[in-house]
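Engineer: Input: one structure, supplied below.
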Amino acid sequence: MDEDIINLLNLKENDAVMEIDETVYLDDGTPCEVNIAIINTRIFPLRQNSSRS
Numbered sequence: 005m006d007e008d009i010i011n012l013l014n015l016k017e018n019d020a021v022m023e024i025d026e027t028v029y030l031d032d033g034t035p036c037e038v039n040i041a042i043i044n045t046r047i048f049p050l051r052q053n054s055s056r057s
């Protein structure tokens with residue numbers, strides 16, 4: 005992992021991280037948004053509920 009990310013997330017050795025990659029598409033299939041989240045699960049436990057209508 006990149007040294008800057010380790011420092012920014014205040015990671016300690018053997019800390020677990022979660023990386024979430026998301027791409028949002030328009031109705032015609034064109035990608036319009038890309039998100040990459042890297043989460044230090046020691047500090048911020050993550051739970052996500054998603055639904056689609």
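Numbering follows this note's numbering, with no gaps: position 35 of the sequence shown is 39.
Just so it is clear, CB atoms sit at the ideal spot from N, CA and C, and this is done for glycine as well.
Whole angstroms are fine: how far does the CA of LEU30 sit from the CA of ILE10?
Structural biologist: As a working mapping, residue 10 is identified with position 6 in the sequence shown. As a working mapping, residue 30 is identified with position 26 in the sequence shown. Cα to Cα, ILE10 sits roughly 34 Å from LEU30.
Engineer: Shortest alpha-carbon distance to VAL28 belongs to which of VAL21, ILE40 and LEU12?
Structural biologist: The sequence position of residue 28 within the sequence shown is 24, counting from 1. Closest in C-alpha terms to VAL28, from the list VAL21, ILE40 and LEU12, comes ILE40.
Engineer: I need the boundaries of the beta strand (DSSP E) containing ASP25, first residue and last residue.
Structural biologist: The count along the sequence shown starts at 1 and reaches residue 25 at position 21. Annotation for ASP25: the continuous beta strand (DSSP E) segment containing it runs 21-29.
Engineer: Check for me: the beta strand (DSSP E) holding GLU37 runs from which residue to which?
Structural biologist: As a first step, residue 37 is located in the sequence shown; it is residue number 33 there, counting from the start. That run of the beta strand (DSSP E) goes 35-44.
Engineer: How far does the alpha helix (DSSP H) with ASN53 in it extend, from its first residue to its last?
Structural biologist: Here residue 53 is taken as the residue at index 49 of the sequence shown, counted from 1. Segment: none, ASN53 is in no alpha helix (DSSP H) and carries neither H nor E.
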